[in-house]
Each structure stands twice: as C-alpha cells, then as structure tokens.
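Enquirer: For the sequence shown, numbering that gives the first Met the number 0 gives the first residue as 0, with consecutive numbering after it.
Quick reminder that beta carbons are idealized off the backbone N, C-alpha and C, glycines included.
All values reported here derive from a predicted model rather than from experimental measurement.
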Amino acid sequence: MDQIERGAAMQDAAQTREKAIIRTSIIGIAANVLLAAFKAAVGLLSNSIAVVLDAVNNLSDALSSVITIVGTKLAAKAPDKKHPLGYGRIEYLTAMIVSALVLYAGITALVESVQKIIHPEKPDYSVLSLVIIAAAVGVKVLLGRYVKGVGEKVNSGSLIASGTDASSDAILSASVLACALLYQFTGISLEAFVGVVIAGFIIKSGIEMMRETLDEILGRRTDRELAAAIKATVCADPQVHGAFDLYLYNYGPDKNYGSVHVEVDDTLTAADIDALDRRLQSEVYLRHGVILTGIGLYSVNTGSDEAATMRRAVMEAVMAHDYAMQFHGFYVDLERKIITFDVVFSFECEQEEALHELMGEVSALYPGYTILIQPDIDITE
0 MDQIERGAAM
10 QDAAQTREKA
20 IIRTSIIGIA
30 ANVLLAAFKA
40 AVGLLSNSIA
50 VVLDAVNNLS
60 DALSSVITIV
70 GTKLAAKAPD
80 KKHPLGYGRI
90 EYLTAMIVSA
100 LVLYAGITAL
110 VESVQKIIHP
120 EKPDYSVLSL
130 VIIAAAVGVK
140 VLLGRYVKGV
150 GEKVNSGSLI
160 ASGTDASSDA
170 ILSASVLACA
180 LLYQFTGISL
190 EAFVGVVIAG
200 FIIKSGIEMM
210 RETLDEILGR
220 RTDRELAAAI
230 KATVCADPQV
240 HGAFDLYLYN
250 YGPDKNYGSV
260 HVEVDDTLTA
270 ADIDALDRRL
280 QSEVYLRHGV
290 ILTGIGLYSV
300 NTGSDEAATM
310 RRAVMEAVMA
320 HDYAMQFHGF
330 YVDLERKIIT
340 FDVVFSFECE
350 QEEALHELMG
360 EVSALYPGYT
370 ILIQPDIDIT
380 E
C-alpha cells in the first residue's frame, strides 16, 4: 500500500469512526430518554427521591450523548486557513462539557437527597414499578458495555466516558432496587440515604472524567507501546544507529504529529540525509499514521578509536548518576576539542544542579575540552 492509498484508507477510517460514534450516541440517547421517562413516572408515583434522581441521571446521560454527536461533527470539519491542523481537539472540549454536566447532576442530586433526609417522606412502590427498575438495571448494564466497547474501538474519549458512566448507573439503579425491596419487606426506608450514595458516585464519576479530559488537553505522556513501535520503525533503517527525543503532538483522536532525533554516521552526504529523511517520514506514516514534521540528526564519529573510547568513558560517568535516564547524541571534534552530548534527566532531580555536576565531572576527565551538554526531558523514554 503506497502513501496515497494509505491516506485514502485513513480518511475512510475517520469517516467510519464518525459514523460509529454518532450511531452509538443515538442509541444511547434513545435508551436514556426512555429510561428517564419510565423512572420519572415510577419515582413520582411512588414518591421515591432515589428513583427520581436516577431518572435525572439518565436524562443527563442523554444530553451528554447529544453533546458527543455535536462535538464529533464539529471535530470532523476539514482543516482551513485559521485552523490548519483541523478541529479534532473539539472532542476533548465536548468531553469536558459532558464531565461538567455529570458533576452538576451529582451535586444537584446530593442537595435533593440531603433535603429528603431532613424532611423524610415515605415511598409507595407497586409491583410494576419494581419490575421497571429491575429492567432498567439490565438495560444500563448492556448499554454501558456496548458504548464503552465502541468507544475503545474507535478511540473516543466521550464514548468511553459515557459507557463508564452507564456502567456506574447500573450499579446505582441496582442499589435503588435493593432499597425498594428492603422497604417492601421490612418497612425501613433508606431512600434519601441511597440518594446521597448515588450523588456521591455521580460526583466521583464527573470528577474522574474531567481529570481524564484535562490530561488530554494539557498533553499527557505518549503511550509507551506506540513510542517504542515508532522508534523500532525508525531504527530498522540500516543508516540509523538510534532514535531519541521522540515528541508526539496530538490534535484530536488519531491525529498525531511528531518529531524525532536519529544518530547517523558523520560520513553521510546531504543527498543521503535527504533520502533518509523522506524514507523515515513515509515509513512512520504508513505504519503508525503519525506525520513526522521534523527529523533531527546526531552525528556519530566514524573511523576514530579515540572518539569511541571517549564516548564510553563519558557515558559511564554520566549514567553512574540516578538522575540520568539516558545518554545519547555524543560527538567529539578532536581538532577543535569540543565534546557534545544529550542527557535525559529525571523529573525528580534539580536539573541545574545535576547539569553543573556533570559538566564538572566530564571537564575533569578531559581538561582543555569545551563541554556542551543538552538537557532533555523524559517524554517517552
């Protein structure tokens, strides 16, 4: 498959993904609206605050699905002059709105439940109402598994969040059912207290969803498996000795750009480097769907035993420290007496102090040499 065919295939995949999200969201809307209607009727007729709050929760889920559809449609807009990398990140904003709605529903439910504890009212369940609540539990279990499964398959944060929320709702609805059965057989009413528990679960779910989405917006660590796979593809080229400093930039689900540094022989010509650059960009895009916007080069000393000996000595000195995560990009100019290399520092260390310490140690090993150390961040190592 060449790059043009791959591009067409990825476009088809994007369209298929959009259709799957919209179809799943519509199913979620229909199911939640029906559940909300039945539960609201049961709750009002039986004077059950727990069932009414469960209905409100279903209604908020339906609204979340509507927002997911709108967000998916907006995110699928083609890039333009103002937004040349597309609108994919809108999905993260819609996921944030969904999280806020869930959180609001939880806080509202908590207030209502506390009021019912202060001013209690006795519920009155019928057999039909109990059957409806039991059926709602089953529907929510199936809906949660389905929505979350589709979300994981198409990499949709909004669907995964909705599916997880639906699974939690099933547990909460089961609690409402247990509370109703307890009242029927013992006359003990725990309605308002169960409402507080439901509210707590909803609030917890909203906070977790919000935190997850915030991580995506702020930029989280690249998936270790994806980073390793991309580096393996780059290192598979016979002219590459190592791949480092891989940065990936996300502009929405499945829309990734990146840059990487590679070690190559210092004997390569400009023509060799140009061919290598194009080759690596094509391979990474074809295999991983990631567009490499930049490939930096580290020159490796060739034909010099002295340079190889110096590299080993400097690497041993650097890697003897716990704060040094990785050593790469070493090059020595023997004529000008310049040593350059990169060090990936741990987040736990004080980088300036560590850098100063390494400068002193390497300078002591090779007095008279200019030492240039580039500190790197532990992004995907």
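On the DSSP letters alone, give me the boundaries of the alpha helix (DSSP H) that Glu215 sits inside.
Expert: Run containing Glu215: Glu190 to Leu217, per the alpha helix (DSSP H) assignment.
Enquirer: Is there contact here, the stretch 147–166 with the stretch 181–191, by at least three beta-carbon pairs under 8 Å?
Expert: These segments do not touch.
Enquirer: What are the start and end residues of the alpha helix (DSSP H) that includes Ile272?
Expert: Ala269 to His287 is the span of the alpha helix (DSSP H), which, as asked, contains Ile272.
Enquirer: Between Ile202, Thr292, Lys139 and Val313, which has its C-alpha nearest Ala29's C-alpha?
Expert: Out of Ile202, Thr292, Lys139 and Val313, Lys139 has the C-alpha closest to the C-alpha of Ala29.
Enquirer: Just checking, does the stretch 251–264 make contact with the stretch 284–299 on the three C-beta pairs under 8 Å criterion?
Expert: At 8 Å Cβ cutoff, the stretches touch.
Enquirer: Kindly indicate the opening and closing residues of the beta strand (DSSP E) around Thr266.
Expert: Thr266 -> no beta strand (DSSP E), and no H or E assigned at all.
Enquirer: Determine, using beta carbons only, whether Ala74 and Glu90 come nearer to each other than 7 Å.
Expert: Against a cut-off of 7 Å, the Cβ pair of Glu90 and Ala74 comes out as a contact.
Enquirer: May I ask you to list the residues that DSSP assigns as paired with Gln114?
Expert: Answer is none; Gln114 lacks a bridge partner.
Enquirer: State buried or exposed for Phe260, treating a residue as buried only when at least 16 other CB atoms are found within 10 Å of its CB.
Expert: The sequence shown places His at residue 260, not Phe. With 16 or more other Cβ atoms within 10 Å, it is buried.
Enquirer: Secondary structure at Ser59, three-state DSSP: helix, strand or coil?
Expert: Looking at Ser59 - three-state DSSP - the assignment turns out to be helix.
Enquirer: Is the distance from the Cβ of Tyr297 to the Cβ of Glu334 below 7 Å?
Expert: In this structure, Glu334 does not lie closer than 7 Å to Tyr297 by Cβ.
Enquirer: In three-state DSSP terms, what is Asn46?
Expert: Correct three-state label for Asn46: coil.
Enquirer: Within 8 Å, do at least three Cβ pairs link the stretch 187–201 to the stretch 148–163?
Expert: The answer is no - the stretch 187–201 does not touch the stretch 148–163, with fewer than three Cβ pairs under 8 Å.
Enquirer: Identify the residues that DSSP records as bridge partners of Asn255: which are they?
Expert: Partner(s): Asn249 and Val289.
Enquirer: In terms of DSSP beta bridges, what is Asp341 paired with?
Expert: His327 and Gln373, per the DSSP bridge assignment.
Enquirer: On the three-state DSSP scale, how would you describe Ala77?
Expert: Of the three classes helix, strand and coil, the one that applies to Ala77 here is coil, per DSSP.
Enquirer: Taking DSSP's pairing of strands, which residues face Tyr297 in a bridge?
Expert: Note: Tyr297 sits in a beta bridge opposite Glu262.
Enquirer: May I ask you to verify whether the stretch 38–55 touches the stretch 96–116, counting CB pairs closer than 8 Å and requiring at least 3?
Expert: In short, these stretches touch, since the Cβ pair count reaches three.
Enquirer: How is Asp236 classed by DSSP in three states: helix, strand or coil?
Expert: Asp236 falls in the coil class under three-state DSSP.
Enquirer: Assign Lys147 to one of two classes, buried (16 or more other C-beta atoms within 10 Å of its C-beta) or exposed (fewer than that).
Expert: Label assigned to Lys147: buried.
Enquirer: How do the stretch 31–50 and the stretch 113–127 stand: do at least 3 beta-carbon pairs fall below 8 Å, yes or no?
Expert: Output reads yes: the stretch 113–127 touches the stretch 31–50.
Enquirer: Between the stretch 336–345 and the stretch 308–326, do at least 3 Cβ pairs fall closer than 8 Å?
Expert: Verdict: yes, contact present.
Enquirer: How about the stretch 193–205 and the stretch 90–102: do they share at least three Cβ pairs that are nearer than 8 Å?
Expert: Counting Cβ pairs under 8 Å, three or more are found: they touch.
Enquirer: DSSP three-state label for Asp123, please.
Expert: Note: Asp123 maps to coil in three-state DSSP.
Enquirer: Beta-carbon within less than 6 Å of Ile376's beta-carbon, same chain only, minus the 5 sequence neighbours each way: which residues are those?
Expert: Excluding residues within five positions, none has a Cβ falling inside 6 Å.
Enquirer: On the DSSP bridge assignment, give the partners of Asp53 in chain order.
Expert: Looking at the DSSP assignment, Asp53 forms no beta bridge with any residue, so it has no partner.
Enquirer: My output table needs one value for Phe243: the three-state DSSP class, helix, strand or coil.
Expert: Strand.
Enquirer: So what does DSSP say about Asp321, is it helix, strand or coil?
Expert: Correct three-state label for Asp321: coil.
Enquirer: With a floor of 3 residues, list each beta strand (DSSP E) that falls wholly inside the stretch 141–165, ordered by position along the chain.
Expert: Here no run is fully enclosed.
Enquirer: Since Gly64 and Ser98 are thought to touch, with beta carbons under 8 Å apart, how far apart are those beta carbons, to the nearest angstrom?
Expert: Residue identity differs from the one stated: residue 64 is Ser in this sequence, not Gly. Not confirmed; about 14 Å, so no contact.
Enquirer: Where Leu180 and Leu129 are concerned, what is the direct C-alpha to C-alpha distance, given to the nearest angstrom?
Expert: Those two C-alpha atoms are separated by around 8 Å.
Enquirer: Could you please give the first and the last residue of the uninterrupted alpha helix (DSSP H) stretch that includes Leu364?
Expert: Run containing Leu364: Gln350 to Leu364, per the alpha helix (DSSP H) assignment.
Enquirer: From Thr266 to Thr301, what distance separates their C-alpha atoms?
Expert: If I take the Cα positions, the gap works out to 8 Å.
Enquirer: Does the distance from the C-beta atom of Val299 to that of His240 stay below 7 Å?
Expert: Against a cut-off of 7 Å, the Cβ pair of His240 and Val299 comes out as a contact.
Enquirer: Is the beta carbon of Ser172 less than 7 Å from the beta carbon of Val136?
Expert: A contact, by the Cβ cut-off of 7 Å.
Enquirer: Could you pull out every residue in the same chain whose Cβ sits closer than 8 Å to the Cβ of Gln280, ignoring the five residues on either side in sequence?
Expert: Correct list, in chain order: Ile290, Leu291 and Ile294.
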